[in-house]
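Below is one structure, written out as structure tokens; comments come after it.
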Amino acid sequence: MIVRPRFVCLPALFVLGLLPSFLSGCTSDDSPENDNQIVVTGSSTIAPLVAEIAKDFEALHPGVRIDVQSGGSSRGVADARRGLADIGMVSRDLKIEEGDLTAFTIARDGVGVIVHRDNPVDSLSDDQIVAIYTNRINNWNEVGGPDAPITVVNKAEGRSTLELFVEHFQLDNKQIQADTVIGDNEQGIKTVAGNPNAIGYVSIGTAEYDATHDIPIKLLPLSGVAASIENVRSGTFPLSRPLNLVVKIKPTGLAAEFIEFARSREVHPIILEQYFVPLSQ
Amino acid sequence: MSHFPSDTVLLWLVRGCGLLTGTITVVIVGFLLTESLPALQEVGIQRFVSDPSWHPSAGSAEGEFNLVPMIVATSLATAGAVLLATPLGIGSAIFAHFYAPNRLRKIYGKMIELLAGIPSVVYGLWGLVVLVPIIARWHPPGTSLLSAIIVLTIMILPTIALLAGASFDNLSSEHLRASAALGLSRGRTVFSVVLPASRSGLFTAVLLGTGRAVGETMAVLMVAGNVVQTPTSLFQPVRTITANIALEMAYAMDGHRSALFVCGLLLMAMIVLLVGTAEWVSKGRIHG
Numbered sequence: 000m001i002v003r004p005r006f007v008c009l010p011a012l013f014v015l016g017l018l019p020s021f022l023s024g025c026t027s028d029d030s031p032e033n034d035n036q037i038v039v040t041g042s043s044t045i046a047p048l049v050a051e052i053a054k055d056f057e058a059l060h061p062g063v064r065i066d067v068q069s070g071g072s073s074r075g076v077a078d079a080r081r082g083l084a085d086i087g088m089v090s091r092d093l094k095i096e097e098g099d100l101t102a103f104t105i106a107r108d109g110v111g112v113i114v115h116r117d118n119p120v121d122s123l124s125d126d127q128i129v130a131i132y133t134n135r136i137n138n139w140n141e142v143g144g145p146d147a148p149i150t151v152v153n154k155a156e157g158r159s160t161l162e163l164f165v166e167h168f169q170l171d172n173k174q175i176q177a178d179t180v181i182g183d184n185e186q187g188i189k190t191v192a193g194n195p196n197a198i199g200y201v202s203i204g205t206a207e208y209d210a211t212h213d214i215p216i217k218l219l220p221l222s223g224v225a226a227s228i229e230n231v232r233s234g235t236f237p238l239s240r241p242l243n244l245v246v247k248i249k250p251t252g253l254a255a256e257f258i259e260f261a262r263s264r265e266v267h268p269i270i271l272e273q274y275f276v277p278l279s280q
Numbered sequence: 000m001s002h003f004p005s006d007t008v009l010l011w012l013v014r015g016c017g018l019l020t021g022t023i024t025v026v027i028v029g030f031l032l033t034e035s036l037p038a039l040q041e042v043g044i045q046r047f048v049s050d051p052s053w054h055p056s057a058g059s060a061e062g063e064f065n066l067v068p069m070i071v072a073t074s075l076a077t078a079g080a081v082l083l084a085t086p087l088g089i090g091s092a093i094f095a096h097f098y099a100p101n102r103l104r105k106i107y108g109k110m111i112e113l114l115a116g117i118p119s120v121v122y123g124l125w126g127l128v129v130l131v132p133i134i135a136r137w138h139p140p141g142t143s144l145l146s147a148i149i150v151l152t153i154m155i156l157p158t159i160a161l162l163a164g165a166s167f168d169n170l171s172s173e174h175l176r177a178s179a180a181l182g183l184s185r186g187r188t189v190f191s192v193v194l195p196a197s198r199s200g201l202f203t204a205v206l207l208g209t210g211r212a213v214g215e216t217m218a219v220l221m222v223a224g225n226v227v228q229t230p231t232s233l234f235q236p237v238r239t240i241t242a243n244i245a246l247e248m249a250y251a252m253d254g255h256r257s258a259l260f261v262c263g264l265l266l267m268a269m270i271v272l273l274v275g276t277a278e279w280v281s282k283g284r285i286h287g
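From first to last, the protein sequence lines stand for chains A and B. Residue numbering for the first sequence follows numbering that gives the first Met the number 0, starting at 0 and increasing by one per position. Residue numbering for the second sequence follows numbering that gives the first Met the number 0, starting at 0 and increasing by one per position.
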């Protein structure tokens, strides 16, 4: 060490002493006071959509600023609760213990199982998917495919896509024997596109977009229902979720206006552009 | 030394700079400690090495917090990359300095600098769409300790080559002139004069490369597979500590978040250990 201890100690203690107040300053007193600003935080699935909607809303309401931050559904819940955000984004149904929050659904999204386009397997039953993810089935020839080991792609802990997937198949994440763990949907799609023997699950919106743009993946039907935006809209696709804006108290003023705008017909083109499914009116 | 007021000002200015630099390190360690304290208290250090696996999001009571497989994965990936990159980097620096014709040497220097400047996420993307499918054809799933080692090797190679080159530049010309006077061949000069004389510089080069390999995040996250397990072969997917933080931090709450700060603390400890070793070795054994 070049700096001598006696020079370090005093300022270091000084700064460490300041640290707690600095931290609390970051986390608790940061509630948005500004009347012309809305802070929206949460699900990384919803964030790009809300950012687009926010642009239109800002254009209609000059002087208004909407700050959209991504960070996962759990952050959306926590921030809305603590008042760190005016509106939280949660890409699933609210849980029973989250009854203190009110959810406004703005669109729906499905989670689809994807395999490589060259994989001859065209459908898997729920039991087969469970068996593959728990490593009871380890080769594609056991489900009518080629003689090749299956590469199981799973999501990292904390992601709502993972929660939705394990809940639907009544699995515990600890049971899943993954070969690759990924972060976001794009990484999952690139992993499956690069490995003809891989199986993964991602947001249907992203998958359908990439599949129609020459990325070599295909979506498998679930319980006989094709994984398509159409079927998510009609509610027949079993593995789908609402995209919610959540608030702690009954929204007023600008936040209420924004939620109303996000649920209106005006934003349907934006929702379709992002490969999500608008709610039927 | 004259005592112009400007000298005093400068003295205090640089003192201030030194002070600030040291303070930043202390603040970071303090921050890591305060953030990881809840997890260390609720979970206990014991469980970070004895739990069955890593499933932290279920909370401190039901969750599992074993960090050992990730420590092993980080160490193996780093060691593998350093073992490959050290001979390659030093060898290429020797070639550029003592064998290559002048023009080639300049082009080579620029290429290495370019290699050092490419953002890590680019290496990661290349690894994910090119390297991993190739390994997958050979030995699925492709995302593996091996691909992590290869990507890391390419990333720390320029660091080692550039610093080795710099330590050859610093070599006093007396050494070279003396060896020329003795009539030693070029190869003999390199192995018996240049390498021993620049030992300490080369050691620093390898060490900085190691530090970079330990801290590398995005590229490893994209190619290593990120399954938490102690690997028994090069083809198994692994998760490094840095990749663990990057994968889960954005989605982590409360105890889970705090546990990730324990990972940060652990990384800090590894770097301190590395720098400490370097200090010890260079003082006790190597004089350059």
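A virtual CB, placed ideally from N, CA and C, is assigned to each residue, including glycine. Fair warning: this is a prediction, and the values are worked out from it, not measured in the lab.
Chain B contact for residue i (CB, 8 Å cutoff)
i                 : result
Asp-117 (chain A) : no
Asp-158 (chain A) : The identity of residue 158 (chain A) in the sequence shown is Arg, whereas the question assumes Asp. Answer yes: the Cβ-Cβ gap between Arg-158 (chain A) and chain B drops below 8 Å somewhere.
Ser-73 (chain A)  : yes
Thr-150 (chain A) : yes
Ala-226 (chain A) : no
Gln-186 (chain A) : yes
Ala-155 (chain A) : yes
Lys-189 (chain A) : yes
Alpha helix (DSSP H) segment containing residue i, residue limits
i                 : result
Ile-65 (chain A)  : Unbroken run through Ile-65 (chain A) is the beta strand (DSSP E), 64-69; no alpha helix (DSSP H).
Leu-83 (chain B)  : 67-93
Met-252 (chain B) : Met-252 (chain B) -> no alpha helix (DSSP H), and no H or E assigned at all.
Thr-190 (chain A) : 184-192
Val-8 (chain B)   : 4-41
Thr-211 (chain A) : No alpha helix (DSSP H) holds Thr-211 (chain A); DSSP gives it neither H nor E.
Ile-106 (chain B) : 101-116
Of the residues the options, the one placed nearest residue i, counting alpha carbons only
i                 : options                                    : result
Met-88 (chain A)  : A:Asp-78, A:Val-63, A:Lys-94               : A:Asp-78
Ser-166 (chain B) : B:Ile-70, B:Val-120, B:His-96              : B:His-96
Gly-111 (chain A) : A:Leu-221, A:Val-276, A:Thr-235            : A:Leu-221
Gly-109 (chain A) : A:Tyr-132, A:Thr-133, A:Leu-163            : A:Leu-163
Gly-41 (chain A)  : A:Ala-225, A:Gly-75, A:Gly-62              : A:Gly-75
Phe-103 (chain A) : A:Phe-260, A:Ile-269, A:Val-38, A:Arg-64   : A:Phe-260
Ile-113 (chain A) : A:Glu-185, A:Leu-271, A:Lys-54, A:Thr-235  : A:Glu-185
Val-224 (chain A) : A:Asp-209, A:Ala-197, A:Asp-121            : A:Asp-121
Gly-58 (chain B)  : B:Gln-228, B:Ser-257, B:Met-269            : B:Ser-257
Gln-127 (chain A) : A:Arg-107, A:Ile-149, A:Val-201, A:Val-276 : A:Ile-149
Tyr-107 (chain B) : B:Leu-175, B:Thr-20, B:Leu-161             : B:Leu-161
Enclosing beta strand (DSSP E) for residue i [first to last residue]
i                 : result
Pro-241 (chain A) : 239-246
Ser-119 (chain B) : It is not in any beta strand (DSSP E) - Ser-119 (chain B) instead sits in the alpha helix (DSSP H) that spans 119-125.
Val-202 (chain A) : Note on identity: in this sequence residue 202 (chain A) is Ser, with Val being the wrong assignment. Note, Ser-202 (chain A): beta strand (DSSP E), 197-202.
Thr-188 (chain B) : Looking at the DSSP string, Thr-188 (chain B) is not in any beta strand (DSSP E); the run it does join, the alpha helix (DSSP H), is 185-188.
Residue-chain proximity (residue i, chain A), Cβ-Cβ < 8 Å
i                 : result
Thr-7 (chain B)   : no
Ala-135 (chain B) : yes
Ser-35 (chain B)  : no
His-255 (chain B) : yes
Leu-246 (chain B) : yes
Gly-90 (chain B)  : no
Gly-263 (chain B) : no
Arg-187 (chain B) : no
Gly-275 (chain B) : no
Met-252 (chain B) : yes
Leu-151 (chain B) : no
Arg-46 (chain B)  : no
Ala-249 (chain B) : yes
Pro-86 (chain B)  : no
Pro-236 (chain B) : yes
His-96 (chain B)  : no
Pro-230 (chain B) : no
In DSSP terms, what residue i is bridged to
i                 : result
Asp-108 (chain A) : A:Arg-240
Met-267 (chain B) : DSSP, once it has assigned bridges, lists no residue as partnering Met-267 (chain B).
Val-195 (chain B) : Contrary to the premise, residue 195 (chain B) reads as Pro rather than Val in this sequence. Per DSSP, none; premise fails for Pro-195 (chain B).
Val-103 (chain A) : Strictly speaking, residue 103 (chain A) in this sequence is Phe, with Val absent from that position. Beta-bridge pairing links Phe-103 (chain A) to A:Leu-244.
Lys-281 (chain A) : With chain A running from 0 to 280 in the structure shown, residue 281 (chain A) is simply not present.
Leu-219 (chain A) : A:Val-112
His-54 (chain B)  : B:Glu-63
(message) Residues of the segment 203-224 of chain B in Cβ contact with chain A at a cutoff of 8 Å, in chain order, please.
(response) If the cut-off is 8 Å between Cβ atoms, the segment 203-224 of chain B has Leu-220, Met-221, Gly-224 near chain A.
(message) Any C-beta of chain B within less than 9 Å: which residues of the segment 194-206 of chain A qualify?
(response) Asn-194, Pro-195, Asn-196, Ala-197
(request) With 8 Å as the limit, tell me which residues of the segment 67-79 of chain B have their beta carbon closer than that to any beta carbon of chain A; keep them in chain order. (result) For the segment 67-79 of chain B, the beta-carbon criterion of a distance under 8 Å to any beta-carbon of chain A is satisfied by none of its residues.
(message) Which residues of the segment 169-183 of chain A have a Cβ closer than 8 Å to any Cβ of chain B? Give them in chain order.
(response) Taking 8 Å as the Cβ-Cβ cut-off against chain B, the residues of the segment 169-183 of chain A that qualify are Asn-172, Lys-173, Ala-177, Asp-178, Thr-179, Val-180, Ile-181, Gly-182.
(request) Residues of the segment 47-77 of chain A with a CB closer than 9 Å to any CB of chain B: list them in chain order, please. (result) Ser-69, Gly-70, Gly-71, Ser-72, Ser-73, Arg-74, Val-76, Ala-77
(message) Please identify, using Cβ separations under 9 Å, the residues of the segment 100-129 of chain B that lie next to chain A, in order along the chain.
(response) Leu-124, Leu-127, Val-128, Val-129
(request) Pull out every residue of the segment 141-175 of chain B whose Cβ sits closer than 8 Å to any Cβ of chain A, in chain order. (result) Hits within the stretch, in order: Gly-141, Thr-142.
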